[in-house]
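Student:
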Amino acid sequence: MNKADDKKVRSETPQTRSPSYALAYDDDTFMRRDDLRAVRLQLELLKPDLILDENNIRSTIVVFGSARVPSPEHAESAYEKAVRAADELQDENAKALAIKRAGRVRARARYYEEARRFARIASENAHANTELDFVIATGGGPGIMEAANRGAADAEAVSIGYNISLPHEQSPNPFITPALCFQFHYFALRKMHFLMRAKALVIFPGGFGTLDELFETLTLIQTGKIEPMPVLLFGREYWSRVVNFEAMVEEGVIEPADLDIITYVESAEAAWELIDTFYDEPGAKPPLMRCSPI
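Each residue of the sequence shown is one higher than the one before, starting from 7 at the first, in our numbering.
Next comes the structure, spelled out in structure tokens:
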């Protein structure tokens, strides 16, 4: 008997109308209680994992990067709109800064194309038989995330989107494979899923979210919680300005060898070649070996 049939035969009484009578898994108010947080955490771990297993997703390449990187087809119009908005500012310094920022955003459109091309190359080269290896996985949003999912779609390959519910609405981009599009409430569980099947991370310029995901991965590799894997930073000029890894070595807070965890790349072809070479080397763990940060 389904839920609709159950409602038809159930008599309406004060008892059956009481919130306490609702089935626990149908009671949204109950499921959202603080006391049920552990259950919700377990569900967010289990649901994507089971669905990915059912779809034969064995390993992934995770692509991180800013949601604010425009596609080339939208970069110019976004720049012109930002310049018009800047012209309305009364403060000349604020106006100059706004125009400079708009120019930098427009220049970053090239990263959208690199992310798209990388995902297409990886998807064309990686999938074999019924087990899917090196499937592109992203945070499911716009910008770099959209570009990577779009590149996989260009190759007619599946790709994953791990979307997150935010105070401001963020819809999943239209290039994610619908059956592999997930929504998370907890950042912690989302980040676990990023890494549970990951065999490489390709990280484009981004903000706090990208840095959060990057440094969590670096910490897990540094401390041996997960196996080493390629961690590729796209755009050395950007990353050298934003994060001074060498200063960390000079200050003695990380070891010189820790810098070997990351590699800078400038092109989609170079990124794929590094990943391909890493897993071709003797002793490298094959894609089917799952690494888990649990």
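Where is the CB? At the ideal position from N, CA and C, for every residue including glycine. Note that the structure is predicted; figures quoted are calculated from it, not measured.
According to DSSP, is Asp-286 helix, strand or coil?
Tutor: For the purposes of this step, residue 286 is taken as the residue at position 280 of the sequence shown. Asp-286: helix per DSSP, three-state reduction.
Student: Could you tell me whether the Cβ atoms of Ile-227 and Arg-196 are closer together than 8 Å?
Tutor: For the purposes of this step, residue 227 is taken as residue 221 along the sequence shown, with counting starting at 1. For the purposes of this step, residue 196 is taken as residue 190 along the sequence shown, with counting starting at 1. No; because the gap between Cβ atoms is not below 8 Å, this pair is not in contact.
Student: Pull up the CB-CB distance for Ala-153 and Arg-122, whole angstroms please, since I reckon it's below 8 Å.
Tutor: What you label residue 153 is simply residue 147 of the sequence shown in a count that begins at 1. What you label residue 122 is simply residue 116 of the sequence shown in a count that begins at 1. 4 Å between Cβ atoms; contact.
Student: Take Ala-143 and list the residues in its own chain whose beta-carbon comes closer than 6 Å to its own, dropping the five residues that flank it on each side.
Tutor: Along the sequence shown, read from residue 1 onward, the residue named residue 143 stands at position 137. The answer, listed in chain order, is Thr-66, Val-68, Ile-166.
Student: Measure how close the beta-carbons of Gly-146 and Ala-125 come, nearest whole angstrom, since I'm counting them as under 8 Å.
Tutor: Working through the sequence shown from its first residue, we reach residue 146 at position 140. Working through the sequence shown from its first residue, we reach residue 125 at position 119. Wrong, their Cβ atoms sit about 14 Å apart, outside the cutoff.
Student: DSSP state of Phe-221, grouped into three classes?
Tutor: Taking the sequence shown and counting its residues from 1, the one referred to as residue 221 is at position 215. The three-state secondary structure of Phe-221, taken from DSSP, is helix.
Student: Hey, would you say Glu-219 sits closer than 8 Å to Phe-240, going by beta carbons?
Tutor: Position 213 of the sequence shown holds residue 219. Position 234 of the sequence shown holds residue 240. No, the pair does not count as a contact, with Cβ atoms beyond the cut-off.
Student: Apply the 10 Å Cβ neighbour rule to Ala-128 and answer buried if 16 or more other Cβ atoms are within range, or exposed otherwise.
Tutor: Counting from 1 along the sequence shown, the entry for residue 128 is found at position 122. Taking a 10 Å sphere around the C-beta of Ala-128, we find 16 or more other C-beta atoms and assign the residue as buried.
Student: Mind checking Val-45: buried by the 16 CB within 10 Å criterion, or exposed?
Tutor: Position 39 of the sequence shown, counted from the start, is the residue given in the question as residue 45. When all chains shown are included, Val-45 counts as exposed.
Student: With Ser-165 as the anchor, note down where its beta strand (DSSP E) starts and where it stops.
Tutor: Counting from one through the sequence shown, the residue named residue 165 turns up at place 159. First-last of the beta strand (DSSP E) with Ser-165: 165-170.
Student: Do the segment 250-257 and the segment 176-195 make contact, defined as three or more Cβ pairs closer than 8 Å?
Tutor: no
Student: I believe Arg-247 touches Gly-149 by the beta-carbon criterion, under 8 Å. Please report the beta-carbon distance rounded to the nearest angstrom.
Tutor: For this step, residue 247 is matched to residue 241 along the sequence shown. For this step, residue 149 is matched to residue 143 along the sequence shown. About 19 Å; that fails the 8 Å criterion.
Student: Please identify the residue among Gly-213, Thr-225, Phe-284, Asp-34 whose C-alpha is closest to the C-alpha of Gly-71.
Tutor: In the sequence shown, the residue the question calls residue 71 occupies position 65. Answer by Cα proximity: Gly-213.
Student: Who does Ala-143 pair with in a DSSP beta bridge?
Tutor: Locating residue 143 in the sequence shown gives position 137, counting from the first residue. Under DSSP, Ala-143 forms a beta bridge with Val-68, Ile-166.
Student: Comparing alpha-carbon positions, which option in Pro-173, Ser-177, Ala-185, Met-151 lies nearest Val-164?
Tutor: Within the sequence shown, residue 164 is the residue found at index 158, counting from 1. Measuring from the Cα of Val-164, the nearest candidate turns out to be Ala-185.
Student: Give the DSSP-derived three-state secondary structure of Ile-63 in the structure shown.
Tutor: Residue 63 sits at position 57 when you count from the first residue of the sequence shown. Strand at Ile-63.
Student: Leaving out the 5 sequence neighbours to the left and right, which residues in its chain are closer than 8 Å to Met-235 when beta-carbon positions are compared?
Tutor: What you label residue 235 is simply residue 229 of the sequence shown in a count that begins at 1. Contacts found: Ala-204, Lys-205, Ala-206, Leu-207, Ile-227, Phe-284, Cys-297.
Student: Give the straight-line distance between the Cα atoms of Phe-181 and Glu-256, rounded to the nearest whole angstrom.
Tutor: Position 175 of the sequence shown, counted from the start, is the residue given in the question as residue 181. Position 250 of the sequence shown, counted from the start, is the residue given in the question as residue 256. For Phe-181 and Glu-256, the distance between alpha carbons rounds to 43 Å.
Student: Cα-Cα, which of Arg-64, Glu-275, Val-111, Leu-47 is closest to Pro-78?
Tutor: Counting from one through the sequence shown, the residue named residue 78 turns up at place 72. If we check each option's Cα against that of Pro-78, Val-111 comes out closest.
Student: Secondary structure at Ile-300, three-state DSSP: helix, strand or coil?
Tutor: As a first step, residue 300 must be located in the sequence shown, where it is residue number 294. Because the pLDDT at Ile-300 is just 41, under 50, the model does not fix this residue reliably, and the point stays unresolved.
Student: Work out the CA separation of Phe-210 and Thr-22 for me, nearest whole Å.
Tutor: In the sequence shown, residue 22 corresponds to position 16, counting from 1. In the sequence shown, residue 210 corresponds to position 204, counting from 1. Near 54 Å, if we compare the C-alpha coordinates of Phe-210 and Thr-22.
Student: Among Val-237, Ala-194, Ser-83, Glu-119, which has the Cα closest to the Cα of Gly-215?
Tutor: Taking the first residue of the sequence shown as 1, we reach residue 215 at position 209. When only C-alpha atoms are compared, the closest one is Ala-194.
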